[in-house]
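Protein chains in written order, with this note's numbering: chain A, 77 to 528; chain B, 60 to 461.
Next up, the structure:
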C-alpha cells in the first residue's frame, strides 16, 4: 500500500471517528435538553400549591363571589399543571352523589350532571397503565378525558379533578408522586373557599347588626315619644282630677277621666305589642294552640270590637260573610290578633268617609285568603318594606298624629308565617291598601264543629 | 394605526366582551379585525362577546395556545388578543377557501387565482389555516402543499410571493384547531388577506436549532413519512443514534430533522436550514413522520437539537435587527409575531420566555401583536416563502418608502 492510500485510509478512519463522536455528543445533548425541559415542567408543576397559597389571600379580597373564586383557583391549577381540564366537586351529605361546583377547559358552556361514586377514594389517578374498572370509569367520566388526577377530602366533602386528553408532549403520564400536588391544591381551595364563606357570613352579620342597631335607634327615637305622650296625659289629667276642689263630679272631670282611660289603654296596647314582638324575636315562635276556628265568627267579632274606634275616625268597617261556613285550623288568639292589628291599622290610615272591608275567600285547592282592604292614604313601593320592618313607621302628614309601635304588621307577618302562610301587601298612594293573609290548603277544614 | 387589545378570562364570552369594550371607539372606521383566542375557549361565544361592541365587523384569525400582546404574554388557554384595522391600515379583501379537506395544494391555487384575478398578486399576503385535520388519529393539514399552491400562481421570476402566516392550533399538545373566516368559526379552511399595495413586509426569522448529528440521506420517503435513512429503517436509525428507546420515551415533537441548503460544509448559519419537527414514530412500520411532506428522497438531513441558548441569542439578534430597520424606515403599521408554540418555555425548558425577550428589545409603543402557532410561514432569506418549524417570525408591516 503506498503513502497516498495509507493517508486516504487514515483520513477515512479519522472522518469516521469524528462522525461517531459527533453523533454521540449530539445524542447526549438531545437527551440532556429533554431532561432539562422535563425538569423545568416538573418545577413549574410543583410550584402549583405554592402559587395557590401565594395568591389565595389576594383572591379572597379581590373576588366578589365564591363562584368567581372557584373559577380563579381552577385557572391557577390548570395553568401551573398545563392540564386540559379541571373540576371542583362537592359531596351531598349522606349520599354518594357529587355535585359539580365548577369546571374549566370544556370550551363551551357545559352543564354537568351530578356524579355518583361508591366509596370515593381520597386519591386516584389514571394513566395508560391503569386497568379499567367501575371506579376509573366513573372518575374519568367527570372530565370526559382518559387521564385524570383526583383528590377528595371527606371532612369538607370537596373533591378536585384535573386531567389531560393525551399523555404526550407537555402532558406526561400522571404518577403516584402527583398525590402531593392534587391534595395540596385541594387543601388550599378548601381553606380559601372556607375563608371566603366566613367573610361573607361576617359581612351579613355586620349588616344585620347595623340594621338592628338602626332599628333600635329608631325605636328609641320614636317610641319614647309614644310612651311619654299617654303617660303625660295620664299624669296630667289625673292631677287635675286630684286637685279638683270639693264639689259635684261634673262633665269636665268625666272628660278628664276619659282621657286617662284612653291613654292608659293606648299605653297598654303599646306595651302588649312590644312584649309580643320581643317574645317572637327571642323564641322565634310562640306556641300555637291550633284548633278548628270559625272564620266568619272571628272576622265578625273583630269588626264589632273595633266599631267604636271606626266611628270615632269616621270610617265604615264591615265584614263579608261566607256563603257557607269556613273553618280554619289555626290559633284563634293569634288569628284575632292579626285581624285586630290589620283592621286597626286600616281604620287609623283611612280618612273620614272611607271604608274598611274584611273578606275571606277559599280557592279550588282549598287555600284560604283573608283580606283587609281600605280606601286609605296608601303607601308607595318604597314605603312597603318600611312598614313591614319592626319599629318601621311610614311617615306622612296624615300619620304624624297617629302614634303606634310600628310592630303591628311585623307581628302579623310572624304569626301568619308560623301557620305556614304568607302576608301580601298591595298598596297605592291615594287609593288604599289591601293586606292579605294567605293560609295553605291544608289548613282549611270541612264545615263542622269549630271554635268561635 | 392598528389598535390592539388583549385579555384573559375563563369565560369565553366575557373575554371577548372585555376586549371589545377596550377597542370600542379606538378606530374611527374599523374595517376588519385579526383575533386569536386560547384553545380552552368556546370560539363562537368569544366572537359573540366581541361582537357586542364591534358589531358585524369581519373577524379573521383563529385558535392559538397563547397570545403575545404586551403586557400580556400567556399560554394558559384562556387568553385572547385582537388587532383592529381601519381604512388606512393594512388589509384588503378577505379571501376564504373551505376546501382544505379536499386537497391543500388545490386550495392554495384557488386562493392564489382569486388574488391574481383581483389584482392583488404582487401584494404581501397574510395566510392562516387550521393545522389539525383530524384529532384522533392525529392528521394534519400540511402547510407545504398549501403554500406551494399559492406559489404556483403567485411566484414570479425574481420576485417570489411574500406570504406570512400560520397553521393554527389550540394547544401545545396539538389537540385541535379552528379558524375565524370573517363570518364565524370554520374547520378545514384557509384565509388569505392581501395586505395592500402601499405596504411592504420585512421579516426576521429566528430559529434556534443546531445540528446534532452527521448527515444522513433520506433513501425512502412517502409524503411526510420517512421510511429509510441511509438505506435502513428510519425508526431504527434514530433510536440507535439516541442510544435506545429508553433514552427518549416519545419522539413526538421532541426531535427535528434539518435539511441544509447551500454548501453542506459551510460554517453553521441557522438561516441555511429548513427544519421539520418529527410528529410521530411508528415502530411497526419502521418510519418517522415529520410535520411537512416537502423532503424528498436523496435529500441529506441532520438531527437538529433545539438549543435554548441559541434560540435566545437568535431572538436578540433578530429583534435588534428589526429595531434598527424600524428606526431607519417608516413607522410600522403592525409588528406581527408568529411564534412556534414549542418555543414557549414550558415546552422548551428555556430559562425565560423568548417572546418576552423580543418584547423587551423592541422599542416600546410599537403595534406588537403575536400569538403561538403550530406552523410558521415566511420568506426564507428573501427567497421563496415556505413553512418553518420551531421558528419565531417577526413580520414588520409598514408603508413602502416613496
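Ideal Cβ placement from N, Cα and C applies to all residues, glycine included.
Predicted, not measured: the structure shown is a model, and the values here were computed from it.
Option nearest residue i by Cα separation, candidates the options
i                      : options                    : result
residue 351 of chain B : B/345, B/281, B/142, B/415 : B/281
residue 61 of chain B  : B/188, B/207, B/143        : B/143
residue 401 of chain A : A/380, A/375, A/407        : A/375
residue 134 of chain B : B/386, B/117, B/100, B/425 : B/100
residue 423 of chain A : A/384, A/406, A/182, A/404 : A/384
residue 381 of chain B : B/93, B/161, B/237, B/265  : B/265
residue 496 of chain A : A/502, A/503, A/488        : A/488
residue 412 of chain B : B/451, B/384, B/394, B/379 : B/451
residue 208 of chain B : B/444, B/457, B/268        : B/444
residue 29 of chain B  : A/238, A/100, A/210, A/158 : The question about residue 29 of chain B has no answer here: the residues shown for chain B are numbered 60 through 461.
residue 330 of chain B : B/449, B/77, B/130         : B/449
residue 439 of chain B : B/305, B/298, B/290, B/263 : B/263
residue 134 of chain A : A/419, A/271, A/368, A/512 : A/271
residue 180 of chain B : B/335, B/212, B/205        : B/212
residue 234 of chain B : A/221, A/233, A/230, A/266 : A/221
residue 509 of chain A : A/491, A/418, A/436        : A/418
residue 505 of chain A : A/521, A/369, A/432, A/425 : A/425
residue 126 of chain B : B/216, B/68, B/215, B/151  : B/68
residue 80 of chain B  : B/388, B/131, B/112, B/428 : B/112
residue 409 of chain A : A/368, A/516, A/451, A/459 : A/368
residue 545 of chain A : A/405, A/416, A/453, A/428 : Past the boundaries of the shown model lies residue 545 of chain A; chain A is included only from 77 to 528, so the question cannot be answered.
Within chain B, partners of residue i - CB distance below 9 Å
i                      : result
residue 247 of chain A : 231, 232
residue 155 of chain A : 133, 134, 135, 136, 137
residue 117 of chain A : 405, 406, 408
residue 262 of chain A : What residue 262 of chain A touches in chain B: nothing, since even the nearest Cβ is about 19 Å away.
Beta-bridge partners of residue i, as assigned by DSSP
i                      : result
residue 239 of chain B : B/120, B/244
residue 132 of chain A : Residue 132 of chain A is not bridged to any residue.
residue 95 of chain B  : B/121, B/140
residue 396 of chain B : B/429, B/453
residue 367 of chain A : A/406
residue 533 of chain A : The structure shown does not extend to residue 533 of chain A, since chain A is modelled only from 77 through 528, so no value can be given for it.
residue 285 of chain A : Partner(s): none; residue 285 of chain A has no beta bridge.
residue 262 of chain B : B/454
residue 393 of chain A : A/432
Nearest-angstrom beta carbon gap, residue j and residue i [assumed within contact, 8 Å]
i                      : j                      : result
residue 482 of chain A : residue 468 of chain A : 5 Å
residue 335 of chain A : residue 313 of chain A : 5 Å
residue 407 of chain B : residue 370 of chain B : 7 Å
residue 128 of chain B : residue 228 of chain B : Their Cβ separation, rounded to whole angstroms, is 18 Å, which puts residue 128 of chain B and residue 228 of chain B out of contact at 8 Å.
residue 392 of chain B : residue 70 of chain B  : At roughly 32 Å, the Cβ-Cβ gap does not stay under 8 Å, so residue 392 of chain B and residue 70 of chain B are not in contact.
residue 251 of chain B : residue 170 of chain B : 5 Å
residue 237 of chain A : residue 190 of chain A : That pair is no contact at about 14 Å.
residue 343 of chain B : residue 277 of chain B : Rounded, the Cβ-Cβ distance is 20 Å, inconsistent with contact.
Contact list for residue i against chain B, beta-carbon separation under 7 Å
i                      : result
residue 113 of chain A : 406, 407, 408
residue 242 of chain A : 232
residue 102 of chain A : 271, 272, 362, 364
residue 147 of chain A : 69
residue 105 of chain A : 271, 364
residue 120 of chain A : 405
residue 158 of chain A : 405
Under 8 Å from the C-beta of residue i: neighbouring residues of chain B
i                      : result
residue 143 of chain A : Within 8 Å Cβ-Cβ: nothing; residue 143 of chain A doesn't reach chain B, min ~11 Å.
residue 250 of chain A : The premise fails here: residue 250 of chain A is roughly 15 Å from chain B at the closest Cβ pair, so nothing lies under 8 Å.
residue 25 of chain A  : Since the first residue of chain A shown is 77 and the last is 528, residue 25 of chain A is not available in this structure.
residue 151 of chain A : 69, 135, 137
residue 95 of chain A  : 273
residue 364 of chain A : Chain B residues near residue 364 of chain A: none, gap ~49 Å exceeds 8 Å.
Contacts of residue i in chain A (Cβ-Cβ under 7 Å)
i                      : result
residue 237 of chain B : By Cβ distance, chain A contributes nothing, its closest Cβ being about 10 Å from residue 237 of chain B, past 7 Å.
residue 288 of chain B : The contacting residues do not exist; residue 288 of chain B stays about 12 Å from chain A at best.
residue 100 of chain B : 183
residue 379 of chain B : Ordered by position in chain A, no residue passes the 7 Å Cβ test against residue 379 of chain B, which lies about 25 Å from the chain.
Within chain A, partners of residue i - CB distance below 9 Å
i                      : result
residue 336 of chain B : What residue 336 of chain B touches in chain A: nothing, since even the nearest Cβ is about 11 Å away.
residue 302 of chain B : 100, 103, 104, 107
Any non-hydrogen atom of the ligand MG closer than 7 Å to residue i Cβ
i                      : result
residue 314 of chain B : Because no ligand of any kind appears in the structure shown, any question about the ligand MG cannot be addressed here.
Listed by chain order, chain A residues near residue i by CB distance under 8 Å
i                      : result
residue 314 of chain B : 106
**Q.** Start-end ranges of the beta strand (DSSP E) lying completely within the segment 160-221 of chain B, minimum 3 residues
**A.** 184-189, 191-193
Q.
What ranges does the beta strand (DSSP E) occupy inside the segment 312-347 of chain B, keeping only unbroken runs of at least 3 residues that lie completely in it?
A. 315-319, 332-341
Q | Entirely enclosed beta strand (DSSP E) segments - the segment 160-203 of chain A, minimum 3 residues | A | For the segment 160-203 of chain A, whole beta strand (DSSP E) runs of length 3 or above, ordered along the chain, are 161-167, 173-180, 199-201.
(Q) Ignoring anything shorter than 3 residues, give me the beta strand (DSSP E) runs that lie fully in the segment 355-421 of chain B, in order along the chain. (A) 359-365, 391-399
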